[in-house]
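**Student:** Chains E and B supply the protein sequences, listed in that same order.
Take 1 as the starting number for the first sequence in our numbering and just add one per residue.
Take 763 as the starting number for the second sequence in our numbering and just add one per residue.
Glycine included, every Cβ here is placed at the ideal spot set by N, Cα and C.
Treat the numbers as computed from the prediction; the structure is a model and nothing was measured.
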Amino acid sequence: MKSTLLLILISLFVFTLSFGDVIFSIYSEGIDGHPDFSNPRRSFMPGERVYFTSKADPSISGTPTVSILGKDIALVDNGTDGDLFANDSVFTGSYTLPATLQDQESVDVVLKCGGTVEATKMILIDKNTSANCYREGSDNPVVDFGEGPVVFKFSQASIEYIRVYTSSNSIDSSGVGSHSFTFYLSHNVTDNNAKKIKVSQDDIVNVIGYSRIDNIVSNMVKTEVSITNPASFTSRKWEIHRLSESTMKIKITDYSDFNTPSIDATMTEIATETWTYEASGCEVTIDTSEYDAYQKTNGLGIALSTYASFYTFTQRIMADFSPHIYDFNVSPTLWQGEGDVTISFEADTYPLYVEAVVKDKEGNVIDTLTENSESNMVEMHWDIKDKIYETGEYSITVVGKALDTDFYTQLVQAKITVSLSGAGIVDSKGGTVTSADGLLKVVIPENAVSNKTYIQIAQDSSIPKKVSDAIDVRKGYVISPEDLALAKSVNLIFSPSTTSNISELEFFYYDGNSISEVQTEVKSGKVECRVFRFGEYFIGKVKSILVGTEGGSVHSVDGSLNITIPYGALSQPTWVTVKKAVTPTSVSMEKIDIVEGYTIFPTNTTLTKTATLSLLVTSGGISSLRLFNYYEGGYNMLTTTVDRSSNTISTSISRFGTYYVGSIVSAPIAIEGLNIALLSNIVTGVSDNAVFRLSPATEVQRATIFDLNGRKVKELAKDEMVDTLRWDGTDFMGEPVNSGIYMLVIFRKGYKPVMKLVGVRR
Amino acid sequence: MKKTLLFLGIFLVLYVIASASAFDFRIIAPGVISTAYSSVGVNEDVETAFYNPAMLSYIKKWQMMFSYGSPFNLYGTNEFVAAISQPYSYGFAGSLAFANLSLSDNENTDSRWMLLYSLSGYLSSFSIGGQIGYVSDTNDVFGEPEQTRQIKGDVGIAFKDSSDIIRVGVFTEDLLVADVDMEKWQVNLVKDNCPKVDLSVRIGYNWKGIGFAVYSGIRKAFNTVADADVMVGGELQLWNVSLRVGYGVNADFSKGLNAVNYDTAYQRITLGAGIDVSNYRIDYVYSIDPVSLPQQLISLKMEW
C-alpha cells in the first residue's frame, strides 16, 4: 500500500514535471477523415494518408509544423483537416504518402514548433506482402515493438534460417524448421542463445532469412524453370529426381557468380542429384540433355523440387518503447443527464498514469481526470454531473504515461455530446433556462449571477400538504441552486398548456415551512413574476374559504394577513379569497412607501359589521407602518393599531377590497446639498435592512456605518455612484451588531461628511 | 423617604435578566485620547474619573475639567463633559463626572448623558477604586421618542512606585450593566453585556520639569470575537508644555499581524498637546484615523 502510494506520488510528480513536452502522435485515417485514435500504427502503405497530432505544453510557442519527405505541413486546431475539435489545444494535420515509396522504406517525420524541432519520429513503409511480425498472441502484424517478444511468422513455408540485426547488433538462427520464430527486443544485451537483440528507441531492426517449400514437385519433362525474382535469389538447393526419360532445362544466365553445376552422379533408376548454389541476381539454365545417364534410363523422368531458395524474406521493424492505447472507447457519447461517462482502453504496458482532459468548444477546461492504472485494462468513470451544465459538444483528450519509462502514449480523443433538458448554464451575460416540459422559462438578466452557474428546473411532483391546503396547484417546479445569490430579479414565465382560468393563476414560493404569494402578472397567455431567489415555486390559484353569516376568519396563504369576520357581518354565505395585491407604482415615493398589499375578494362586498384586519409584520420598522386602502381612486390612511409585543398592526374594515401596508415617507432633507430620504433607518430582528435613498444618485467616496465611539462597523459603498444605501445590521465580519444607535456617514469629494442616525433593535 | 426606600427595594427585588448592551460612551478626555488610549488606566488627572477610579488616589489637588466640541467633526454631533475630583484625604479620594453626547441628523436625534461617581483608596501599596454610573439615552430613531436608562458598575486597581517611574493600572468597563425600566420598576441585568478590561503601563521619568513617559495598553472585550485593542503612546514634558503621541489598532490578532490590514475596526494615530498656565491646563488632541472617524477635542482643566 505504501509503495503504491509512493508510486502514485512519484508518478504525479514526474508527470507534472515532464509535461512541459510535446506529445506527438502518428495515426492512420479513421472514420470521417479523422485520425484513427484507437489503433496506433507506425507502418503505412504507399499512397496511404497519414495523420499527425501535436499537443504542446503552453510554454512551447509557435504553430506546430510537420516535415515529411521534404514537405512542411502546418498543423491546425480549428476543427479541420482531421482536427476533432477546434480550440482543444490538439493540433492535427495529414499527409498522403507517395505511391512510389518502396516496401520497407523508412520515412522521418519531424515536428517543429515555431521552427524549433520538438520531436522526431519514423514511419515504415510496409506492403505486407511476404512476412510479418506480430505481438505475442495477436493476429495483426505491426512494425513497432517495445521491449519483449516479437513473433515473426512466415506462412508460406517453414523458416530455415533467420537473422535479426540492427546497425550494431545481430542474432542468427538456422534450422528453425517452423513457420514462426520468436525473438526479443532488449534494452540491455544482445544474446544469441536467448534470441535477444539489443535496441534503442526508434532503432530499425532488420529481419531476414529464407524458408523452404516442401513438396512442390513438377513433372519436369521438358520443363523450363525460371527464377522470376532474381533479386531475392540469394541461395538455393536443387534436387533433381529422374523419373523418366525427358529433357529438363534449367537455365542459368549470367552465372559468373556461380559454381558451374556438375551433374556427374550416376543415376540408374530413380536417382537424386543435389546441387547447391550460392548466387545473387541471375538466371539458371540446366540442359539435362547434356547428361546422357539420365536419358538411358527407361520409364523415368526428371522432377524438380526446390527448397525455399526462392522464398527469402526481409522485414523491417522499429523499436518503440512508447506505450500504446488500443480500443479506446468513450461511452456514452451522448449524455442526457444520467450516469457516469466511462473512458476505457487497453494499454500495452502498466503501471500507467492516465490523464483525461475535458474541454468545451471554447477550449475551456471543464474537468481533468487522472488515474494510476496497475493493469493494462484501463477504465475511468467520470462523474459528469455538476461538471457540464450546457448542451453542446465536448472533447475528451487522453494521454497516458508509462511510469517505468516516462514515455507517453499516443494522444487519443473522443467527442461527447451533452444534451440537457430542463437545465442550463448561465453566467454574467444572463440567459434563459427552460423546464423539461417546456412550460416554465427562467429568464436571467445580465449581471444577475456573477459566476458560471448550473441552473436546473426540476418538476415538483410532490406537493406539500401545507401548499395543497392553501392552493389549487397547476404545476410545481424546483429551481436550483436554491441558495444562489441573485443580484437582480429573475423573470419566471409560465406558459400553461391551456389558457382556461389563466387570469386566476399566480406564482407561490414555498420555503419548506411557509408559503407566500409572489407578485404575478398575467399577460398574453403567460403567467409571469420576478423573483430574487430560486427554490420551490408553484403555479396555481388561492383557495377560497366559504364564510357563512355566522362569521369566521380568513387568512392569506402566508398567514400574515388575517381577517376576522364577526357574526352577522355577511348577509349571505360568501366565498372569500385573500390574495396579494400588485404593489402600485403610481404612489409617489415621496409620500407613501408601500410595503405590500392584499386584496380581499369579492371586492366591494359591504359588511354590516366591521371586520378586523390584522397583519403580522416581519420586516421591521413596525412603528412607522400604517394601513391604507385604495378606494374611489385614492389612498386613505386607516386608523392603525400597532402592537409591538405581537408585531402586528390592525385596523377595522367595513368592506372587502384592497388594503396596503406602508409608511409615510419623510420628505428628503438636504444636508450639504445631498437629499436623503429615509425609507427605514432602523433594523429590527436579523433579516431587516435600513434603507436610505439618495436623490439624485451621488458619487460617494465612502458610505460607512460607525458606532458612537467612532469605530467603523461596516462600509456600505466605496467610490461608486449610489442612489440607495442598505444596511443589514451586521459588522464588517458579517456578525449582527448589538442593539443601539449607529451613524451612517456619507463622504463625498468636496463636501463635508453627512451623518444619519440608524437604530438597531434585536 | 419611605417612598424612596420602597422604590429602591423594588429595584433590588425585581432584578431580572435583560438582553441589551451598554451604551457607547468613551470619547471624552483629550489627554487620554492623545496617547491613543494607551494611558487610559494610568492617567493621573481628573480625566481618570471617566476611566480608572483607582488612579484618583494619586491626584494631589482638587481638579475640575470642562470640554465641549464635536467629537467626530460631524455636523450634528456635540459633546459636553465636566468632571471634578477630590484629592486623597480622610482615607479616600473621589470624583463626580458628567458627560453628554448629542447627535442630530435634522430628522432624528439621540441624546445621552452619563453621571459617574468614583471612590478610591489604598490597599497596601496598591490603590483600588470602584465606580458606579448612571446612563440615560433618549432618541426618536425608532419612532416616538423613547428614553432608556442603565446603571453600571466598574472597578480598578493601580500601582505607582515612589519615584513615579512605573505606573500600572487595570480597570473594567461595563463590568456590570443593568437596564432600568422605570415603567415596571425593574432593574434588568444585561445578560448579553460585553465587559472590557483595560491594562495600561507607564514608564516615565521627570527631571527638573523635563520629563518623558511611554505608555502601552491593551483593551480586551470579552466577546466571542478574538479581537483586541493594542495601543502605544508617548509623552514629552517640557516644563509647562506636554506633547503627546499615540498609535492604537483594533484587530483580530489571532489571525496574525496581517489581520491589521483587513480586519481592523480602527487604526488611530493621535497627536496631542497640553499647556499649563498657573492652575489651568488646556489639552488638545487630534486623532487621524485612516479607518474610522477622525476626532478633535479640547478641554480646560483647573486645580487648586
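Grab me the residues of B:L937's own chain with a C-beta within less than 8 Å of its C-beta, minus the 5 sequence neighbours each way, in chain order.
**Tutor:** K914, G915, D916, V917, P957
**Student:** Strictly below 9 Å CB to CB, what residues from chain E border B:Y1009?
**Tutor:** Simply none; closest approach about 16 Å.
**Student:** Sort E:K71, E:A86, E:C529 by Cα distance to E:N78 and report the nearest one.
**Tutor:** E:A86
**Student:** For E:T520 and E:S428, what's the separation of their Cα atoms in angstroms?
**Tutor:** The straight-line gap from Cα to Cα measures roughly 25 Å.
**Student:** Check whether the Cβ atoms of E:V518 and E:Y510 lie closer than 8 Å to each other.
**Tutor:** no
**Student:** Could you work out which residue in E:Q102, E:E136, E:G148, E:V557 is closest to E:D126 when comparing CA atoms only?
**Tutor:** Of E:Q102, E:E136, E:G148, E:V557, the residue nearest in Cα terms is E:Q102.
**Student:** Could you give the distance in angstroms between the alpha-carbon of B:V959 and the alpha-carbon of E:A703?
**Tutor:** 31 Å
**Student:** Let me check understanding here. Comparing Cα to Cα, which of E:S461, E:L486, E:K441, E:A470 lies closest to E:T453?
**Tutor:** E:L486
**Student:** Could you name the residues of chain E that B:G838 contacts, counting a contact when the two beta carbons are closer than 7 Å?
**Tutor:** M755
**Student:** Measuring only the C-alpha atoms, how far is B:D941 from B:G895?
**Tutor:** 12 Å
**Student:** Output yes or no for whether 8 Å exceeds the beta carbon distance between E:C133 and E:F152.
**Tutor:** yes
**Student:** Could you tell me whether the Cβ of B:N1002 comes closer than 8 Å to any Cβ of chain E?
**Tutor:** no
**Student:** Name, in chain order, the residues that DSSP records as bridge partners for E:V357.
**Tutor:** E:T368, E:T397
**Student:** Alpha carbons only, please: which of E:D719, E:T651, E:K714 is nearest the one belonging to E:R726?
**Tutor:** The shortest Cα separation from E:R726 among E:D719, E:T651, E:K714 belongs to E:K714.
**Student:** In chain order, what residues of the same chain lie with their CB nearer than 7 Å to the CB of B:F854, ignoring the 5 residues before and after it?
**Tutor:** L881, S882, G883
**Student:** What span of residues does the beta strand (DSSP E) with B:S898 cover, start to end?
**Tutor:** 888–901
**Student:** When you compare the CB of B:Y896 with every CB in chain E, is at least one pair closer than 8 Å?
**Tutor:** no
**Student:** How would you call E:F532, buried or exposed, if buried means at least 16 neighbouring beta carbons within 10 angstroms?
**Tutor:** It counts as exposed.
**Student:** If you draw a straight line from the alpha carbon of E:K488 to that of E:L439, how long is it in whole angstroms?
**Tutor:** 23 Å
**Student:** Just to make sure I have the definition right: I need the residues of chain B whose C-beta is within less than 8 Å of the C-beta of E:I653. Which are they?
**Tutor:** Near E:I653 there are no residues of chain B at all, since even the closest Cβ is about 24 Å away, more than 8 Å.
**Student:** May I have the straight-line CA-CA distance separating E:I396 from E:V358, to the nearest angstrom?
**Tutor:** About 5 Å.
**Student:** Return the residue from the list B:R1043, B:I927, B:A990, B:V939 that minimises the CA-CA distance to B:R964.
**Tutor:** B:I927
**Student:** Please state whether the Cβ-Cβ distance between E:T641 and E:S654 is less than 8 Å.
**Tutor:** Contact flag unset, no.
**Student:** Skipping 5 residues on each side, what residues in its chain have a beta carbon closer than 8 Å to that of B:E908?
**Tutor:** T900, N901, D902
**Student:** For E:K461 and E:G430, what's the separation of their Cα atoms in angstroms?
**Tutor:** The residue asked about is misnamed: residue 461 of chain E is Ser in this sequence, not Lys. C-alpha separation (whole angstroms): 28 Å.
**Student:** Taking the straight line between their C-alpha atoms, what separation do you get for E:A458 and E:S435?
**Tutor:** Computed Cα separation, rounded: 7 Å.
**Student:** Helix, strand or coil for B:L1000, going by three-state DSSP, please let me know.
**Tutor:** strand
**Student:** CB E:E536 to CB E:V478, shorter than 8 Å?
**Tutor:** yes
**Student:** Could you tell me the distance, in whole angstroms, from the CA atom of E:V330 to the CA atom of E:I343?
**Tutor:** 5 Å
**Student:** If you compare alpha carbons, which of B:M827, B:Y1048, B:K1063 is closest to B:P1056?
**Tutor:** Selected option, being the one with the closest Cα: B:Y1048.
**Student:** Hey, is E:V745's beta-carbon within less than 8 Å of any beta-carbon in chain B?
**Tutor:** yes
**Student:** Report the partner residues of B:G915 according to the DSSP bridge assignment.
**Tutor:** B:I894, B:L938
**Student:** Looking only at its chain, what residues have a beta carbon closer than 7 Å to the beta carbon of E:R163, apart from the 5 residues adjacent to it on each side?
**Tutor:** S170, D172, I208, G209
**Student:** Which same chain residues, not among the five before or five after E:T549, have their C-beta less than 6 Å away from its C-beta?
**Tutor:** L570
**Student:** Just the Cα atoms here: how many angstroms apart are E:G551 and E:K579?
**Tutor:** 19 Å
**Student:** Name the residue from B:S889, B:D1045, B:I790 whose alpha carbon lies nearest to the alpha carbon of B:G1036.
**Tutor:** B:D1045
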